[in-house]
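Each step along the sequence shown adds one to the number in the numbering used here, with nothing skipped, and position 373 is 408.
Beta carbons: idealized from backbone N, C-alpha and C, even for Gly.
Fair warning: this is a prediction, and the values are worked out from it, not measured in the lab.
Each remark here refers to the structure printed beneath this line.
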Amino acid sequence: MSPESEPRPTETVIESPVQDTPEDLRVAELLARAEVDDVLNVAEFAEAVGQQEAADAADTLESLEEDQAVDVIEEMDEAAAADALVHMDVSLAVSVLEDLLEEDVNLAGRLVGAMEPDDAADLLGALPEPDRNRLLKLLPREQALSLRDLLRYDPDTAGGMMTTDYLSLRETMTVEQATAHIRASTVDEDMQHAFVVDGQNRLVGIVSLRRLLIARGGERIADIIDREVDAIPPDLDREEVAREFAKYDFPVLPVVGPDRRLLGLVTVDDVIDIIRAEEAEDAQLMFGAGAEEGVYSTIGEKLRGRFPWLLVNLLTSSVAAIIVLQFDDLIGELAFLAVLMPVIANQAGNAGQQSLAVTLRGIVLDEVRVGRVRSLLVREATVGAVNGILAGLIVGGVVAAIEMTIGHHTWRLGIVAGTAMSVALTVGCFIGSAMPVVMKRAGFDPATASTIFLTMITDSGSFFIFLGLSRLLWSWMTAGMVPA
């Protein structure tokens with residue numbers, strides 16, 4: 036076979052699931068050129084960034100030094116710059132706005148004014164109050180009043196998430212009048228539904244734009260609307276908002292006051308943001324970091340979020356130390372106990388973490404019902420007991436083998452270690468599943484520092500179970516034991 040006819044080895048090409056756009060490639064090219072020339076052509080680069088998708092433009096700006104990001108934003112198209120700021124990490128976006136307030140206060144005001152109301156409120160709420168008030172004074176009176184209304188709500192509630200930029204129709208309109216009203220309004224191109232209100236702006240129904248298109252011009256809006264529309268109150272927690280969307284499978288949900296007056300709406304893209312934020316918050320809370328802390332938060336913000344939980348961890352770990360201190364006489368006589376303590380505690384902690392993760396998931400997905408908590412706890416404790424027996428047999432067998440060969444020539448320590456392992460894993464699984472349920476019922480976020488408290492309980496409990504069992508069975512365990 037000639038070299039030309041020999042089969043070539045197959046090359047495997049791994050492609051990114053998302054292909055770079057020409058705009059992304061252009062930005063990358065300019066950044067590469069800036070590294071070589073050691074200077075960035077801000078005007079050219081700003082034009083290229085402005086042509087990227089908003090999320091990609093935000094990523095690009097986040098990759099720059101803060102002063103460079105400010106320079107680029109100052110040169111960008113203002114609508115594109117506003118969209119990019121909305122998609123940036125909140126801490127970075129706030130820092131950029133604060134810099135803009137010092138360099139070009141009018142530009143900062145125009146950028147905030149170009150944002151969707153809910154996005155603008157989120158950024159304004161993260162700013163220090165003096166800077167927030169400066170920006171609000173730069174906005175048109177009606178827009179400023181609307182944003183002040185949004186800022187009254189907790190940002191983690193439906194009111195804090197909603198936008199006041201929505202399409203509403205009067206139920207007394209005809210289809211022809213409603214169509215003319217829609218044409219005259221600045222409707223978001225993604226808007227698919229219009230909310231229908233009465234003369235007092237109370238929500239009475241919803242109608243799809245498609246339904247309007249196929250209706251006759253003389254028909255009354257009141258005759259073609261869907262009156263069975265679900266709405267949410269402004270003080271509803273954002274996790275509950277996400278559950279409502281999942282339950283009803285709507286692209287938007289109206290937010291209404293006590294008298295069903297329409298206040299605004301929450302869209303499904305807000306729910307995606309909720310899910311991402313909740314995942315990040317729960318992950319941080321589980322390990323004792325601040326719920327609001329971001330990668331680019333200030334050092335002071337990071338310290339305020341973390342140190343209190345480090346202090347709590349210090350105090351809780353002292354409990355385990357105190358328990359061990361009560362059995363120092365046993366450990367002094369049989370040092371092998373100290374070797375086994377972290378093994379049992381580690382297994383109990385891991386088992387507890389497994390139960391904690393499953394229960395937290397159930398709470399987030401609203402699967403943990405009040406009437407089924409007992410069965411949940413029993414099931415998790417049973418899993419812990421079975422795993423504990425299996426792990427206890429392994430540990431007990433290994434310990435017995437070691438003691439019989441190179442230790443004190445007694446298998447009884449293996450029985451004690453295996454029994455302690457079984458009990459500790461059962462307790463660990465029970466506590467791991469019970470803790471988030473208790474936290475939830477007490478009104479706290481079930482993820483709050485759960486790993487800190489779980490570790491304290493499993494460590495302290497495992498030490499007490501193993502050392503307590505060793506003291507209880509000391510005479511039997513050490514019978515026939517010879518010095519190693």
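Mind checking residue 119: buried by the 16 CB within 10 Å criterion, or exposed? Along the sequence shown, one-based indexing puts residue 119 at 84. So residue 119 counts as buried.
Where does residue 264 sit, in a helix, a strand or coil, going by DSSP? Along the sequence shown, read from residue 1 onward, the residue named residue 264 stands at position 229. Shown here, residue 264 sits in coil according to DSSP, grouped into three states, outside any helix or strand.
Residue-level contact to chain C via CB, residue 432, 8 Å cutoff: This model lacks chain C altogether; it includes just one protein chain.
Starting from residue 229, follow its DSSP beta bridges and name the residues at the other end. For the purposes of this step, residue 229 is taken as the residue at position 194 of the sequence shown. Per DSSP, 242.
Short check: CB of residue 156 to CB of residue 182, under 8 Å? Working through the sequence shown from its first residue, we reach residue 156 at position 121. Working through the sequence shown from its first residue, we reach residue 182 at position 147. Cβ distance < 8 Å, so residue 156 and residue 182 count as in contact.
Work out the CA separation of residue 233 and residue 216 for me, nearest whole Å. Position 181 of the sequence shown, counting from 1, holds the residue named residue 216. Position 198 of the sequence shown, counting from 1, holds the residue named residue 233. One alpha carbon belongs to residue 216, the other to residue 233, and they sit about 16 Å apart.
In terms of DSSP beta bridges, what is residue 308 paired with? Position 273 of the sequence shown holds residue 308. DSSP output for residue 308 lists no bridge partner at all.
Just how far apart, CA to CA, sit residue 492 and residue 428? Looking up residue 492 in the sequence shown gives position 457. Looking up residue 428 in the sequence shown gives position 393. About 23 Å.
With 16 other Cβ atoms within 10 Å as the buried cut-off, status of residue 494: Working through the sequence shown from its first residue, we reach residue 494 at position 459. Around the beta carbon of residue 494, 16 or more other beta carbons lie within 10 angstroms, which makes this residue buried.
When you compare the stretch 240-254 with the stretch 202-211, are there three or more beta-carbon pairs, one atom per stretch, that lie closer than 8 Å? The stretch 202-211 and the stretch 240-254 touch, with three or more beta-carbon pairs separated by less than 8 Å.
For a test of the three-state rule: what should DSSP assign to residue 271, helix, strand or coil? By one-based count along the sequence shown, residue 271 stands at place 236. Secondary structure at residue 271: coil, using DSSP grouped into helix, strand and coil.
Beta-carbon proximity of residue 238 to residue 213, cut-off 8 Å: By one-based count along the sequence shown, residue 238 stands at place 203. By one-based count along the sequence shown, residue 213 stands at place 178. The Cβ-Cβ distance between residue 238 and residue 213 does not fall below 8 Å.
Just mark residue 500 as buried or exposed, buried being the case when its beta carbon has 16 or more other beta carbons within 10 Å. If you number the sequence shown from 1, residue 500 lands on position 465. Buried is the call here.
Specify, as a first and last residue, the run of the beta strand (DSSP E) that residue 165 falls within. The residue labelled residue 165 in the question sits at position 130 within the sequence shown. Premise fails: residue 165 lies in the alpha helix (DSSP H), 164-173, not in any beta strand (DSSP E).
contact_flag[the stretch 454-469, the stretch 380-390] where n(CB pairs < 8 Å) is 3 or more: Yes: the two stretches touch, three or more of their Cβ pairs being nearer than 8 Å.
Can you tell me which of the three DSSP states residue 160 falls into? For this step, residue 160 is matched to residue 125 along the sequence shown. If DSSP states are grouped into helix, strand and coil, residue 160 belongs with the helices.
Taking just the CA atoms, how far does residue 259 sit from residue 282? For the purposes of this step, residue 282 is identified with residue 247 of the sequence shown, where counting begins at 1. For the purposes of this step, residue 259 is identified with residue 224 of the sequence shown, where counting begins at 1. When the Cα atoms are used, residue 282 and residue 259 turn out to be separated by approximately 25 Å.
How do the stretch 446-456 and the stretch 396-410 stand: do at least 3 beta-carbon pairs fall below 8 Å, yes or no? No: fewer than three Cβ pairs fall under 8 Å.
Contact check, residue 230 vs residue 288, beta carbons under 8 Å: Here residue 230 corresponds to residue number 195 of the sequence shown, with the count starting at 1. Here residue 288 corresponds to residue number 253 of the sequence shown, with the count starting at 1. For the pair residue 230 and residue 288, the CB atoms are not nearer than the 8 Å cut-off.
According to DSSP, which residues form a beta bridge with residue 299? If you number the sequence shown from 1, residue 299 lands on position 264. Answer is 290.
Would you identify the three-state DSSP class for residue 214, choosing helix, strand or coil? Mapped onto the sequence shown, residue 214 falls at position 179. Secondary structure at residue 214: helix, using DSSP grouped into helix, strand and coil.
Leaving aside the five residues before and after residue 490 along the sequence, list all residues of the same chain whose C-beta is less than 7 Å from its C-beta, in chain order. The residue labelled residue 490 in the question sits at position 455 within the sequence shown. Within the same chain, 384 come within 7 Å of residue 490 by CB-CB distance, once the 5 residues on both sides are set aside.
Between residue 459 and the rest of its own chain, which residues show a CB-CB distance below 6 Å, the 5 nearest in sequence each way excluded? Along the sequence shown, read from residue 1 onward, the residue named residue 459 stands at position 424. The beta carbon of residue 459 sits closer than 6 Å to those of 379, 383, 497, 500, all from its chain and outside the five residues before and after it, given in chain order.
Between the stretch 135-155 and the stretch 172-186, do three or more beta carbon pairs fall short of 8 Å? Touching, per the Cβ criterion.
Host alpha helix (DSSP H) of residue 98 (start-end): As a first step, residue 98 is located in the sequence shown; it is residue number 63 there, counting from the start. For residue 98, there is no enclosing alpha helix (DSSP H), as DSSP marks it with neither H nor E.
With a Cβ-Cβ cutoff of 8 Å, do residue 104 and residue 85 count as a contact? Sequence index remark: in the sequence shown, residue 104 carries index 69 (1-based). Sequence index remark: in the sequence shown, residue 85 carries index 50 (1-based). Going by C-beta atoms, residue 104 is not nearer than 8 Å to residue 85.
My understanding is that residue 58 touches residue 83, with C-beta atoms under 8 Å, so please give their C-beta distance in whole angstroms. Numbered from its first residue, the sequence shown carries residue 58 at position 23. Numbered from its first residue, the sequence shown carries residue 83 at position 48. Confirmed, Cβ separation roughly 7 Å.
Integer Cβ distance of residue 290 from residue 299, believed to fall under 8 Å: Here residue 290 refers to the residue found at position 255 when the sequence shown is read from its first residue. Here residue 299 refers to the residue found at position 264 when the sequence shown is read from its first residue. With a beta-carbon spacing of about 5 Å, residue 290 and residue 299 fall inside the 8 Å limit used to define contacts.
Is it buried or exposed, residue 401, if we count other Cβ atoms within 10 angstroms and call 16 or more buried? The residue you call residue 401 lines up with position 366 of the sequence shown. Label assigned to residue 401: exposed.
Decide if residue 507 is buried, meaning its Cβ has at least 16 other Cβ atoms within 10 Å, or exposed. Here residue 507 is taken as the residue at index 472 of the sequence shown, counted from 1. When all chains shown are included, residue 507 counts as exposed.
Go through its chain and collect everything with a Cβ distance to residue 362's Cβ below 7 Å, but skip five positions before and after it. Counting from one through the sequence shown, the residue named residue 362 turns up at place 327. Excluding sequence neighbours, residue 362 sits near 502, 506.
Residues in its own chain within less than 8 Å of residue 250 by CB, not counting five upstream and five downstream? Looking up residue 250 in the sequence shown gives position 215. Correct list, in chain order: 210, 259.
On the DSSP letters alone, give me the boundaries of the beta strand (DSSP E) that residue 204 sits inside. Within the sequence shown, the letter at position 169 stands for residue 204. Residue 204 -> beta strand (DSSP E) spans 203-205.
Continuous alpha helix (DSSP H) stretch holding residue 465: start and end: For the purposes of this step, residue 465 is taken as residue 430 along the sequence shown, with counting starting at 1. If you look at residue 465, you'll find it in the alpha helix (DSSP H) that goes 447-476.
So, are the CB atoms of residue 148 and residue 190 less than 8 Å apart? For the purposes of this step, residue 148 is identified with residue 113 of the sequence shown, where counting begins at 1. For the purposes of this step, residue 190 is identified with residue 155 of the sequence shown, where counting begins at 1. By the CB criterion at 8 Å, residue 148 and residue 190 fall outside the cutoff.
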